[in-house]
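Down below is the structure, laid out as C-alpha cells.
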Amino acid sequence: AISHLAHSTPEKYRFSSTDFNSYNLITYTTGSPERKNGKMKASDESGLGVIVHEDLLGDPIIIIK
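Using this note's numbering, you'd call the opening residue of the sequence shown number 305 and step up by one each time.
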C-alpha cells in the first residue's frame with residue numbers, strides 16, 4: 305500500500321519513498337513493489353497486486369469472528 309500512496313502523490317510533492325519489503329531476507333509475497341535503478345514501481349494487478357504466501361506466516365495470533 306505504501307507504494308500505491310507514493311505513486312498517487314505528485315512527484316513534485318514527494319520527498320522520498322521507501323520499499324520496506326526489501327529490508328527482510330524472507331519474501332512473504334509475490335508481486336511486491338521492486339526497487340530498480342533507484343526507482344520503485346507498484347503492481348498493475350488488481351487490489352494491491354500481491355499474493356501473500358500464507359504458509360510462511362505461521363499460525364494466527366488471534367482470530368476475530
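Using N, Cα and C, we set each Cβ at its ideal position, and we do this for glycine too.
Quick caveat, the model's predicted, so the values are computed rather than measured.
Under the three-state DSSP convention, the category residue i falls into
i, result
"K345", "strand"
"I306", "helix"
"K369", "coil"
Cβ distance (whole Å) where residue i is taken to contact residue j below 8 Å
i, j, result
"A346", "S320", "16 Å between Cβ atoms; not a contact."
"G362", "E349", "The Cβ separation is near 25 Å, so there is no contact."
Extent of the continuous beta strand (DSSP E) to which residue i belongs
i, result
"E315", "No beta strand (DSSP E) contains E315, which DSSP labels as neither H nor E."
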